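Q: The numbering used here numbers the first residue of the sequence shown as 627 and each following residue consecutively. Ideal Cβ positions, reconstructed from N, Cα and C, are used throughout, including at glycine. A quick note: this is a predicted structure, and the numbers were derived from the prediction, not measured. I'd like to ask you about the structure that follows.
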Amino acid sequence: MNRFLNFFFIAALAGAVCACRKESPSPRKEAPALSAPEKDGFTRPNVPAAAEVSASSGAVKFSLSMPTTAYHKADHAIWVKVSMTNIGTEPLFIFSKSLFAGAPALMSVDLWKVEIQDAGGERVYYEAPMHPISGDCVPDYKRLDRRELMRKYARDLAPGATVSTPSVPDLGGCPDSRRDTLGDFGQIPGLYLIPGGHRIRAVFDQVRPSGISGAPGPGEVRVETPWMNFEVLP
C-alpha cells in the first residue's frame, strides 16, 4: 500500500513539473528608457528630438529642438528645448530666466527667447498661464528680484559644455501639482494656435549696448536659429 502511494505521489509530482515546463512564459513588456532622477525625485522617459535646428556666432552655438512637429489646436501648447553650447576656449557667463523658470519664459523679453509665427507670418498670440502651485508657496523665480536671481542662478559655462532649458521649472521647494512632462522637453502653454502651418526659431541676444567702449566678448553676440516648421491640427 505504501509502495503504491509513493508511486502515485512521484507520478503526480512529475506530471506537475512537466506541466510547468510546457507553459510558455508571457511576453514581457519593455519599460521605457528613463533619464536620471531630477531634483524633484522623478524620472522621465527619454524622448528623442523629431526636429532640431542650430546656428552659431562667436563662442555661442544655439539650438532648438522639438519632440514632434504636429500639435492639436485644442492643446494650446507646444513642446521645446533650447540649448546653448560654449564652442569657444574660455568660460562664458550665462543667465537666462528660462534656465530656471522653464520653457514658458522663452516667450518673455529675455536673452533667450523663441519667436513663433503662423502661416501668414503673424506672431502667435501668447497669454502666460498661472503655474499650478500647491498652497501659498511662491517659487524663487517669482519672488526674488533680478539681482537676487542672478546671484542664485547665474553661472559660467565651461568650454565644450552645454546647458538647456529644463523640462519643469525650478520651484525652489514648492510642491508642484503639474506632472505633464515629455522627456526633457518643456511645455509652452497659453498659445493661440490655429490649424495650419507654423514656424518657430530660437534667438540668443546678448549684443553689447551701444556706447560701451572696448571689444565685445566672445559671448556678446546675437544668434538666430533657422526657422523650424510645425503643423497645427484641428
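Would the beta-carbon of G845 fall within 7 Å of that of V686?
A: Yes, these two residues count as a Cβ contact at 7 Å.
Q: Considering Cα atoms alone, identify which of E741, W705 and P860 is closest to E850.
A: Of the listed residues, the one whose Cα sits closest to E850 is E741.
Q: Note the first and the last residue of the continuous alpha helix (DSSP H) segment covering F811.
A: Unbroken run through F811: none, as it is neither H nor E.
Q: Runs of 4 residues minimum, wholly inside the stretch 712–796: which ones carry the alpha helix (DSSP H) assignment?
A: The qualifying runs are 724–727, 766–769 and 772–779.
Q: What's the C-alpha gap between D736 and S722?
A: Each residue's Cα considered, the two are about 7 Å apart.
Q: If I measure Cβ to Cβ from T695 and keep anything under 6 Å in the same chain, skipping five residues before and after, which residues do I get?
A: Excluding residues within five positions, the ones whose Cβ falls inside 6 Å are A676, A677 and F856.
Q: Tell whether a beta-carbon distance below 7 Å holds between P852 and V679.
A: Yes, Cβ-Cβ distance for P852 and V679 is below 7 Å.
Q: According to DSSP, is A675 part of a helix, a strand, or is it coil?
A: It is coil, neither helix nor strand.
Q: Taking DSSP as the reference, what is the three-state secondary structure of A696?
A: In the structure shown, A696 sits in a strand (DSSP, three-state: E or B).
Q: Decide if H698 is buried, meaning its Cβ has at least 16 other Cβ atoms within 10 Å, or exposed.
A: Result: exposed.
Q: Using C-beta distances below 6 Å, list every residue in its chain close to F726, excluding the 5 sequence neighbours before and after it, in chain order.
A: If we look at F726 and ignore the five residues flanking it on each side, its Cβ neighbours are Y767, Y779 and D796.
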